[in-house]
Structures are given as structure tokens and as C-alpha cells.
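A short worksheet on the structure shown next.
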Amino acid sequence: MNHSPELQAALDAADRAADIARSLYRHNVEVRIKADKSPVTEADVRCELAIREIIETRFPAHGFLGEETGSHHEDAEYLWLVDPIDGTKAFVREYAMFSTQIALMRRGELVLGVSSAPIYGEIAYAERGRGAYLNDKPVSVSNISSIEAAALSSGNMKSLATGPQWARYGAMIAQAGRIRGYGDFLHYHLLAAGKLDAVIETDINILDIAACVAIVTEAGGRCTQLDGAPITLESTSILASNGPMHAPVLAALG
42 MNHSPELQAA LDAADRAADI ARSLYRHNVE VRIKADKSPV TEADVRCELA IREIIETRFP
102 AHGFLGEETG SHHEDAEYLW LVDPIDGTKA FVREYAMFST QIALMRRGEL VLGVSSAPIY
162 GEIAYAERGR GAYLNDKPVS VSNISSIEAA ALSSGNMKSL ATGPQWARYG AMIAQAGRIR
222 GYGDFLHYHL LAAGKLDAVI ETDINILDIA ACVAIVTEAG GRCTQLDGAP ITLESTSILA
282 SNGPMHAPVL AALG
């Protein structure tokens, strides 16, 4: 397919970041701990700088919000959202569950996403109105509609475990057809491809999920916060589903 200039830029930036990540993976990179107690490595910073250079060169009027280099023009009509290494702990511990997440938001709506996991060997992408793709093949969500038949995946459950929804979550997964915790990029790729039916996460920020929200939505799915509210820059939880599973899961969580 012919890509828009924006999607082509995101794919080119993801490719550049993939080259950097591969060059540093399993090379005993130095790890620093940021003020929020999350780790950061040379790979995180170099990948983001490379992505930012491509985006700012091609779209100088667009805003940019990055995990490592912060923001500029955050009030612009178009805002790029970038997590250069989503899964830094996996990168440091040398297993393949990390990815580069690049999304584009227009006037508060996510219109494009690229989720690139170079060591795992998958890249998913989507653009509003043009379909969702995994490794360049079109994908779409499942049509499963009951918890008893559904395959569910969850991640980052710490805040849910200490809140009033935990007992309801336990009751729901006791009914589920299959429950797993694939985590990070992977369960969103599986959901978009129709191999999972819903994903639940807490303790996240928009940079973790923006690209995957765009991909799942364009694959025919639905994404909200766990209270059913729309995904925004301030979101810290997500229910991503195939669509038919959304209401049953929200009802089960109460």
C-alpha cells in the first residue's frame, strides 16, 4: 500500500530506532534510574533522538512528546507520542519483550500508530481509515462476545490489586475461557490479529499505549479506560477489546 507522509515517517523512524536497539542489545549497556524510579539506557536516549530528528525534519510544525527528551509544541494540532524503548527492563535483562512505540494524535484523537518489536520480530502499524497491519499483512479483531469464550490478557496490575475492583477482576477471570499475561506490545498485536479478545492494563501512561490504541481501533476493536472513559493524554488504565467484549468486561469490573 502507499503510505501517507506521516505513516512513512513513523515507519522510517521505527526502522532507525530498530537499528540502534539491535546494535546495543545484549551489550551490557549502562542503566540509570530516573526520578520516577524507572530505568533508562543509552538505547532509550539514542532511539528517541533518532526518531525525533526524523519527525522534526519532516514535520517542523508538529508537536512532540517523548519519554526521554520531553515535549515541545505540545499544544500543536498534531502531536507525536513516542516511547523509544517500551520495556526497558526487558531490554536490560536481555529478553525480547520490548518495542518502539510511535503514535500521532490530531486534536486529541489518535490517528496513527507504529509498534515495532525488532528482536521479537514484529511490526504493527495503522492509520485512521486505512486498516491495521502486522508484518505488512492486514489484520482484524475477533468476534468473540462472551467472557466464558474469551481469551483475556492483562498486565501492570499493581494498582488494580490494591483497589476495589480486584475481587471483581478475580471473579471475571475465573469465568474466562483463557487468561494470560502477555504484556507490553505483544497482547495488543495479538488482539489486533484476532488471537486475543480483550486486554486489561493499569499503571500505564499514554506513551506506553498510544500506538497500540490506534492499531487495535483500526483493526476493528475498541479502547477505553477501565471506567469506560475515552483514552486521553492523562490515561493510566486501559481496556482494549475486539468490540463485542467491551461491555461484558466493563460490567464485570463494575
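Number 295 marks the last residue of the sequence shown (the numbering used here); no jumps.
Where a beta carbon is used, it is the ideal one built from N, C-alpha and C, also for glycine.
Remember, it's a predicted structure, so these values are computed and weren't measured experimentally.
If distances are taken between C-alpha atoms only, which option among the options comes closest to residue i?
i: ALA158; options: SER187, VAL254, ASN176; result: ASN176
i: ARG148; options: HIS287, SER183, GLY104, TYR174; result: GLY104
i: ALA293; options: LEU232, LEU231, GLY170, GLN216; result: GLN216
i: GLY154; options: PRO289, THR277, GLN49, VAL72; result: GLN49
i: ARG219; options: GLU189, GLU71, LEU90, ASP225; result: GLU189
i: TYR210; options: LEU280, PRO271, ALA131, LEU227; result: LEU280
i: ILE160; options: ALA288, ARG171, GLU71, ALA55; result: ALA55
Starting from residue i, follow the beta strand (DSSP E) in both directions and report where the run begins and ends.
i: GLN142; result: 140-147
i: LEU274; result: Unbroken run through LEU274: none, as it is neither H nor E.
i: GLY196; result: 192-196
i: ALA167; result: 163-168
i: ARG171; result: Premise fails: ARG171 is in no beta strand (DSSP E) and is neither H nor E.
i: GLU150; result: 150-158
i: HIS113; result: 111-113
i: VAL180; result: 178-180
i: ILE299; result: Given that the chain is displayed from residue 42 to residue 295, the structure contains no residue 299 and the question cannot be resolved.
Can you tell me the Cα-Cα spacing of residue i and residue j, whole angstroms?
i: LEU145; j: GLU47; result: 8 Å
i: ALA212; j: GLY295; result: 11 Å
i: SER79; j: ALA137; result: 18 Å
i: LEU87; j: GLU168; result: This sequence places Arg at residue 87; Leu is not what is there. In a straight line, the C-alpha of ARG87 is about 26 Å away from that of GLU168.
i: GLY269; j: GLU109; result: 29 Å
i: SER112; j: TRP121; result: 9 Å
i: ASP225; j: PHE139; result: 7 Å
i: SER194; j: ILE250; result: 15 Å
i: GLN142; j: ALA208; result: 32 Å
i: ILE164; j: ALA76; result: 31 Å
i: ALA131; j: ASP60; result: 17 Å
i: SER200; j: HIS114; result: 32 Å
i: GLU135; j: ARG67; result: 6 Å
i: LEU65; j: GLU97; result: 24 Å
For the alpha helix (DSSP H) that residue i lies in, which residues bound it at each end?
i: LYS130; result: 129-133
i: LYS75; result: First-last for LYS75: undefined, no H or E at that position.
i: SER64; result: 46-65
i: ILE250; result: 247-259
i: ALA236; result: Note that residue 236 corresponds to Lys in the displayed sequence, not to Ala. Careful: LYS236 lies outside any alpha helix (DSSP H) and carries neither H nor E.
i: ALA215; result: 207-216
i: PRO289; result: 287-294
i: ALA202; result: 199-202
Using DSSP bridges, identify the partner residues of residue i.
i: CYS264; result: ALA281
i: VAL86; result: Answer is none; VAL86 lacks a bridge partner.
i: GLY104; result: LEU120
i: VAL81; result: ARG73
i: ARG219; result: ALA192
Inspect the beta-carbon positions of residue i and residue j and report whether they are closer than 8 Å.
i: ALA234; j: VAL180; result: yes
i: GLY107; j: VAL133; result: no
i: CYS264; j: THR273; result: no
i: ASN283; j: ASP244; result: no
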